[in-house]
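*Asks:* Quick mapping for you: the protein sequence lines, in order, are chains A and B. According to our numbering, the first sequence is numbered sequentially starting from 18. According to our numbering, the second sequence is numbered sequentially starting from 11. The C-beta atom is built at its ideal place from N, Cα and C for all residues, glycine as well.
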Amino acid sequence: MRAIATIPNQREADLISRIKAGERDLFYELIQPYQRTVYAAAFSVLGNASDAEDAAQEAFLKALTHLGQFRAEAKFSTWLVQIALNEARLRIRKDRKGLYSSIDEGAQDDDGEYFPIDYADWREIPSETLQRKELKEALQRALATLKPIYREVLVLRDIEHLSITETAAALNITEASVKTRLLRARLMMRDSLAPGFDGSWSVGSPTYKKVRPF
Amino acid sequence: MDEHHIIEISCEHVILEISNYIDGEITLDLRARMEEHIRGCKHCAAVLDGTTNTLRLIADGRAFEGAFDLPAGFSERLRQRLAAHA
Numbered sequence: 018m019r020a021i022a023t024i025p026n027q028r029e030a031d032l033i034s035r036i037k038a039g040e041r042d043l044f045y046e047l048i049q050p051y052q053r054t055v056y057a058a059a060f061s062v063l064g065n066a067s068d069a070e071d072a073a074q075e076a077f078l079k080a081l082t083h084l085g086q087f088r089a090e091a092k093f094s095t096w097l098v099q100i101a102l103n104e105a106r107l108r109i110r111k112d113r114k115g116l117y118s119s120i121d122e123g124a125q126d127d128d129g130e131y132f133p134i135d136y137a138d139w140r141e142i143p144s145e146t147l148q149r150k151e152l153k154e155a156l157q158r159a160l161a162t163l164k165p166i167y168r169e170v171l172v173l174r175d176i177e178h179l180s181i182t183e184t185a186a187a188l189n190i191t192e193a194s195v196k197t198r199l200l201r202a203r204l205m206m207r208d209s210l211a212p213g214f215d216g217s218w219s220v221g222s223p224t225y226k227k228v229r230p231f
Numbered sequence: 011m012d013e014h015h016i017i018e019i020s021c022e023h024v025i026l027e028i029s030n031y032i033d034g035e036i037t038l039d040l041r042a043r044m045e046e047h048i049r050g051c052k053h054c055a056a057v058l059d060g061t062t063n064t065l066r067l068i069a070d071g072r073a074f075e076g077a078f079d080l081p082a083g084f085s086e087r088l089r090q091r092l093a094a095h096a
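(1) Are any of the Cβ atoms in chain B nearer than 8 Å to that of V228 (chain A)?
(2) For chain A, is any of its Cβ atoms less than 8 Å away from the one on E35 (chain B)?
(3) Since D175 (chain A) meets chain B, which of its residues come closer than 8 Å, beta carbon to beta carbon?
(4) Using a Cβ-Cβ cut-off of 6 Å (strictly less than) and excluding sequence neighbours within five positions of E177 (chain A), which residues of its own chain qualify?
(5) Since F77 (chain A) and I48 (chain A) are thought to touch, with beta carbons under 8 Å apart, how far apart are those beta carbons, to the nearest angstrom?
(6) To the nearest whole angstrom, what separates the beta carbons of K196 (chain A) and S29 (chain B), a pair I think is in contact under 8 Å?
(7) Any chance the CB of P143 (chain A) is under 7 Å from a heavy atom of the ligand SAH?
(8) Quick one: using the 10 Å Cβ neighbour count with 16 as the cut-off for buried, is L173 (chain A) buried or exposed?
(9) Along chain B, in chain order, which residues have C-beta atoms closer than 7 Å to that of D135 (chain A)?
(10) Whole-angstrom Cβ separation of D70 (chain B) and W139 (chain A), contact assumed at under 8 Å?
(11) Based on Cα-Cα distance, which residue from B:I32, B:S20, B:F78, B:D79 lies nearest to N63 (chain B)?
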């Protein structure tokens with residue numbers, strides 16, 4: 018399980034002061050622990066590796082340029098993720114060739130309530146099943162079909178393990194919105210696994226109907 | 011509080027709070043009411059079991075193996091760009 022790697026805050030604060038004072042070659046050391054999270058944040062918006070790398074690298078360069086604007090009361094990793102998300106969104110506006118087509122830029126409002134598919138029971142999918150590519154593909158496909166507002170919270174919170182507070186700060190939304198979006202994202206992910214939870218892992222197969230109670 | 015005095019809540023209410031339940035973001039009182047409901051409601055139990063199960067799979071490093079890992083050479087390219095920028 019990955020949490021955001023943290024270097025002790027004092028060390029981080031010292032590095033930031035020294036870089037601001039001109040030792041710019043220390044910047045890589047400062048951001049090194051956050052490369053994956055920044056990349057994942059960009060990927061959650063853009064959906065493909067080359068655009069995500071481009072946005073993530075540009076975000077780091079911008080962070081270096083604008084480090085003087087970083088305020089010590091904010092969390093540095095959250096500030097980086099904010100820059101990466103903005104950078105990724107800029108790219109979507111410039112070029113809509115990203116993998117994810119359902120961009121819904123104006124969709125800041127959460128959709129109405131979502132009710133999960135009703136089953137009489139849920140047969141546990143053991144973690145070992147992740148050795149099967151069918152399950153991994155089902156998870157990745159499910160993530161790809163989420164609307165961006167849901168995919169972003171799921172990636173930051175459940176894959177990169179940011180706290181609710183950090184996720185809210187990174188996305189510039191309230192903690193209540195994080196919780197609402199997370200509920201929906203999680204329920205939709207659960208429903209997307211349901212067709213195979215009886216062990217068949219053949220999405221769209223007739224077994225899907227059979228496991229439904231009505 | 012005596013278990014018999016826990017106020018009943020609806021399936022809709024349970025589902026609305028299921029994500030907060032998993033995150034421990036609810037009051038002890040609501041937690042007790044939800045658990046009482048889930049004990050007697052197989053459908054809500056299936057939502058909780060399925061969501062918890064799904065989250066465990068998602069959090070497992072293998073689920074998105076490759077998808078979120080840094081592309082090969084990412085760090086080296088970044089260092090070069092930062093050096094050129096510095």
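*Replies:* The short version:
(1) Note that V228 (chain A) scores a pLDDT of 42, beneath 50, so its modelled location is shaky; the value from the coordinates is reported in the next line. No - not a single Cβ of chain B is within 8 Å of the one on V228 (chain A).
(2) yes
(3) L65, I68, A69
(4) T54, A57
(5) 6 Å
(6) 7 Å
(7) As presented, the structure is devoid of all ligands, the ligand SAH included, so that no description of it is given.
(8) buried
(9) H53
(10) About 17 Å; that fails the 8 Å criterion.
(11) B:I32
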